[in-house]
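If you use the numbering used here, the sequence shown corresponds to residues 6 to 760, in order.
Data block below; observations after.
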Amino acid sequence: MKHTISLFRCLLIIVMLAACAFGDVPFASATHSAAAGPALSVNAAADVHAISPYIYGMNFATEAIASDLNLPVRRWGGNSTTRYNWQLDVHNTGADWYYENIPEDNAHPELLPNGSASDEFIEQDRRTSTQTIMTVPLIGWTPKARREDHPYDCGFKVSKYGAQDSTDYWDPDCGNGWHNGVQLTGNNPTDTSVAITSSFVTAWINHLKGNYGTAANGGVMFYNLDNEPMLWNSTHYDVHPNPVTYDEMRDKTYAYAAAIKAADSSAQTLGPVEWGWCAYFYSAADGCYPGADRAAHGNMDFVPWYLQQMKAYEQAHGVRILDYLDLHVYPQVDGVYSDSLGSAAVQSARLRSTRQLWDPSYVHEGWIGQPVYLIPRMEDWAANYYPGTKLAITEYNWGALGYMNGALAQADILGIFGREGLDLATLWGTPDDFNAPGIFAFRMYRNYDGAGSAFGDTSVQSSSADQSQLAVYAAKRSASGTLTLMVINKTASTITSDLALSGFQPVDTAQVYRYSSANLGAIVKQADQAVTSSGFTASYPANSITLIVIPSSASQTTFVDVPADHPLYAYIQALYDNGYTAGCSTSPLMYCPDTILDRAQSAVFMLRGQMGSGYTPPAAPWNTFGDDWTGFEWAEPWAEGMYQEGLTQGCQSSPLMFCPSNQLPRVEASVFGLRMKYGVNYTPPAASGTLFADFPSTDPSYWAIDWAEQAYLDGLLPACGTDSGTGKPMFCPSQLVDRGWGAYLIVKAKNLPLP
Numbered sequence: 006m007k008h009t010i011s012l013f014r015c016l017l018i019i020v021m022l023a024a025c026a027f028g029d030v031p032f033a034s035a036t037h038s039a040a041a042g043p044a045l046s047v048n049a050a051a052d053v054h055a056i057s058p059y060i061y062g063m064n065f066a067t068e069a070i071a072s073d074l075n076l077p078v079r080r081w082g083g084n085s086t087t088r089y090n091w092q093l094d095v096h097n098t099g100a101d102w103y104y105e106n107i108p109e110d111n112a113h114p115e116l117l118p119n120g121s122a123s124d125e126f127i128e129q130d131r132r133t134s135t136q137t138i139m140t141v142p143l144i145g146w147t148p149k150a151r152r153e154d155h156p157y158d159c160g161f162k163v164s165k166y167g168a169q170d171s172t173d174y175w176d177p178d179c180g181n182g183w184h185n186g187v188q189l190t191g192n193n194p195t196d197t198s199v200a201i202t203s204s205f206v207t208a209w210i211n212h213l214k215g216n217y218g219t220a221a222n223g224g225v226m227f228y229n230l231d232n233e234p235m236l237w238n239s240t241h242y243d244v245h246p247n248p249v250t251y252d253e254m255r256d257k258t259y260a261y262a263a264a265i266k267a268a269d270s271s272a273q274t275l276g277p278v279e280w281g282w283c284a285y286f287y288s289a290a291d292g293c294y295p296g297a298d299r300a301a302h303g304n305m306d307f308v309p310w311y312l313q314q315m316k317a318y319e320q321a322h323g324v325r326i327l328d329y330l331d332l333h334v335y336p337q338v339d340g341v342y343s344d345s346l347g348s349a350a351v352q353s354a355r356l357r358s359t360r361q362l363w364d365p366s367y368v369h370e371g372w373i374g375q376p377v378y379l380i381p382r383m384e385d386w387a388a389n390y391y392p393g394t395k396l397a398i399t400e401y402n403w404g405a406l407g408y409m410n411g412a413l414a415q416a417d418i419l420g421i422f423g424r425e426g427l428d429l430a431t432l433w434g435t436p437d438d439f440n441a442p443g444i445f446a447f448r449m450y451r452n453y454d455g456a457g458s459a460f461g462d463t464s465v466q467s468s469s470a471d472q473s474q475l476a477v478y479a480a481k482r483s484a485s486g487t488l489t490l491m492v493i494n495k496t497a498s499t500i501t502s503d504l505a506l507s508g509f510q511p512v513d514t515a516q517v518y519r520y521s522s523a524n525l526g527a528i529v530k531q532a533d534q535a536v537t538s539s540g541f542t543a544s545y546p547a548n549s550i551t552l553i554v555i556p557s558s559a560s561q562t563t564f565v566d567v568p569a570d571h572p573l574y575a576y577i578q579a580l581y582d583n584g585y586t587a588g589c590s591t592s593p594l595m596y597c598p599d600t601i602l603d604r605a606q607s608a609v610f611m612l613r614g615q616m617g618s619g620y621t622p623p624a625a626p627w628n629t630f631g632d633d634w635t636g637f638e639w640a641e642p643w644a645e646g647m648y649q650e651g652l653t654q655g656c657q658s659s660p661l662m663f664c665p666s667n668q669l670p671r672v673e674a675s676v677f678g679l680r681m682k683y684g685v686n687y688t689p690p691a692a693s694g695t696l697f698a699d700f701p702s703t704d705p706s707y708w709a710i711d712w713a714e715q716a717y718l719d720g721l722l723p724a725c726g727t728d729s730g731t732g733k734p735m736f737c738p739s740q741l742v743d744r745g746w747g748a749y750l751i752v753k754a755k756n757l758p759l760p
């Protein structure tokens, strides 16, 4: 509906920080016509459960990506972490690369253990408010020395053990431990390593506590109990040639997990961190079939037996040493887990095979050849053998994250994790490319509008008549009641489908955001979607991920265009509560948060911010500025007030002009904000000139670099982004400021109380 108000009321509201620019919104149809696609349904009152934020985690994400996604958890994991020496900052590559001890990049090794790669990992997480999963070794060996360059210590030196099938090009004395297709035996583990016990991990946790505090006080929250132990006899054959048994897994977990809990009782542990299907049921000693080890343990599957043993430990000692059942999963379908897109058949299999995470009717299409239904299976195991154990998948990857096909699978997986009640997950092989399609799949859930808005945190019932074509996931936001829907079109055609809605009273329009093959470089805001209490009909383009955001009619806020989950809601509401604004429209009451501020509106913001909400501009005559005030008659007294209070020198001299229609960039807003905070005579300290990635001395706005840096450091204007190359914040000096960020600036500058 188009809203109009009288000229008098418009002028009055503009004086109260208003803007009288409105337009019709092209709504999508709410008509329930016959749809070509599968029927969708959402019942917001059924199957209600919290979605753990930790399901949106990653392994080794860059700082730029972690910051942009508000990444909740990040894992230090993988084969090399099994043999990482935190004291020397060295890891052994195992079979991945000739069993070599490789030093981490470290400019000041003389300061070790401080400043290690693991410390730096944690410090990045602290900068991005991300929880850390640190993998600790259970294998019993760690690198013995740090060599800064080749030749490195390695497990199978040719000079000691003879010719081998493959050697390191850069270190030709380091072999792969095989000769004529036969694996070498009898090597000495001390060629690379020293034996360790749980005291090695205790000392590490004490070091981390000393630097960062306990888990309960902002330190490392999670500890992985090594990495894929059932593969040690292949990945770390040089120090652990014998396959792991049931008993070894139990005994090492008892020793090391208990040491972690003794060192930091508030930390959370995750185990057994097994690699995949075979290791869920069998020890490495048995391989992938029932054998003597299984028979000696009551013919129990390995994971249930392991949980049973962890429960027994708690019953005997009064301490839970396992918090999360952690299993890894990969598609195990030919060609799917790959950086490559693959054939059309592989792409289809990639999208189908996500069903193995939840669907008991889906028969695995690869060598497993039976239903996997991993998350429900894990739930049953935990409930039956160690109730209260949470569920984690700290490695998974469905491939092709550089392509839309991979993004579709990734978005589907994140929806599955939330719906099925998984507690924690971290993607393996996280792309470094800030704009990779797979990263956009996460962005749709974590920061779809660039302002931190996210998919809901409370899962509700959703279903599709054909999930292979159109998947739907639904969640409400606990703070506002807003309903968010993620709809994934996995086909090569546009699909139009009805969505039946129940258990929810919506407002009549929803916001729509989409990532699709039509534009791989951005999430694009679409026309608003009309919604009724019974649902809506919508079209979903081929190969697309669509987010629909539907506010609840029961959660209306002061301004109808600023819902409680708007990223700047608290600041806009604080401005209203403290008498600084009456909005931009009265019927209904609106704030127009996206309207760009011009200098006329900024004058009102500035004067009320500087002088108080009761400030009244001076009476006529107003003859300081030589502008033509047509269309801005209301603003002339405010411009005069700015000049009289020493808040402006105008936009030009000879003649002196105010330029009321000029729009306000961030660099000028930084000046306004700091003078609002400190007074009209304030001068900022000299800038470093190196804080921002995008503000070189050649920038036309560099005259205000002192103001920009200080406004950022004072928290008056946040960074507009993070440079993916340097990790430095970006200021975007010429980016225009809208009324929403104007509210943020005033509230920060005046330290107004938030609601």
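Backbone N, C-alpha and C define an ideal beta-carbon position, used for all residues, glycine too.
Rounded to the nearest angstrom, the Cβ distance from Val334 to Leu396 is 12 Å, too far for a contact under 8 Å. Contact between Leu759 and Leu722 does not hold, since their C-beta atoms are separated by about 17 Å, which reaches or exceeds 8 Å.
Shown here for Ile601: same chain residues with a beta carbon closer than 6 Å to its own, the five before and five after excluded, namely Gln668, Leu741, Asp743 in chain order.
Sequence-distant partners of Met226 (beyond 5 residues in either direction) whose C-beta falls short of 7 Å from its own C-beta, in its chain, are Gln136, Thr137, Ala220, Ala272, Gln273. Going by DSSP, Trp175 is part of no alpha helix (DSSP H) at all; its letter is neither H nor E. Of the residues His571, Met616, Arg613, Leu612, the one whose Cα lies closest to the Cα of Tyr596 is His571. The bridge partners DSSP lists for Gln188 are Trp183.
By the beta-carbon neighbour count (other beta carbons within 10 angstroms, threshold 16), His241 is buried. Within the same chain, and ignoring the five residues on either side of Ala754 in sequence, the residues whose Cβ sits closer than 7 Å to its Cβ are Gly614, Gly678, Met681, Lys682, Leu721.
For Trp627, there is no enclosing alpha helix (DSSP H), as DSSP marks it with neither H nor E. The beta carbon of Tyr518 sits closer than 6 Å to the beta carbons of Tyr453, Ile528, Lys530, Leu552 from its chain, once the five residues preceding and following it are set aside; these are given in chain order. Under the three-state reduction of DSSP, Tyr335 is assigned to coil, being neither helix nor strand. Given a length threshold of 3 residues, each whole run of the beta strand (DSSP E) inside the stretch 388-412 is given here in chain order: 395-398.
Scanning the stretch 250-334 for uninterrupted alpha helix (DSSP H) segments of 4 residues or longer gives 251-268, 282-286, 297-300, 307-322, listed from N- to C-terminal end. In this structure, the beta-carbon distance from Gly732 to Phe610 does not fall below 8 Å. When only Cα atoms are considered, Val141 and Gly584 end up about 55 Å apart. The distance from the Cβ of Pro442 to that of Gly407 is about 6 Å, consistent with a contact at the 8 Å cut-off. In the three-state reduction of the DSSP assignment, Tyr89 falls in the strand class, which pools E and B.
Nearest C-alpha to Tyr620 among Pro626, Ala608, Ala559, Gly62: Ala608. Counting only runs of 4+ residues, the alpha helix (DSSP H) found wholly inside the stretch 628-694 occupies 641-649, 671-683, in chain order. Taken atom to atom, the span from the alpha-carbon of Ala459 to that of Ser560 is near 18 Å. The C-beta distance from Ser549 to Ser521 rounds to 4 Å, short enough to meet the 8 Å contact threshold. Looking at the DSSP output, Arg80 bridges to Asn64, Ile138. According to DSSP, Thr147 shares a beta bridge with Val199. The C-beta distance from Ile70 to Phe422 rounds to 19 Å, too long to fall under 8 Å, and the pair is not in contact. Under the criterion of beta carbons closer than 8 Å, Lys149 and Thr86 do not qualify as touching, at roughly 17 Å. For Gly434, same chain residues with a beta-carbon under 6 Å away, outside a window of 5 residues either side, are Asn402 in chain order.
Thr431 carries a strand assignment under DSSP once its states are collapsed to helix, strand and coil. For Arg152, the secondary structure class from DSSP, reduced to helix, strand or coil, is coil. Per the Cβ contact rule, the stretch 489-502 is in contact with the stretch 455-469 (3 or more Cβ pairs under 8 Å). DSSP, read as helix, strand or coil, puts Gly732 in coil.
For the options Leu275, Ala532, Asp599, the alpha carbon positioned closest to that of Asp428 is the one of Leu275. Measuring C-alpha to C-alpha distances from Pro665 to each of Glu673, Gly655, Arg671, Val672 identifies Gly655 as the nearest. Looking at the DSSP output, Thr463 sits in a beta bridge with Ala55, Lys481.
When DSSP states are grouped into helix, strand and coil, Met595 belongs to the strand group. With a cutoff of 8 Å on beta-carbon distance, Val554 and Ala515 are scored as near each other.
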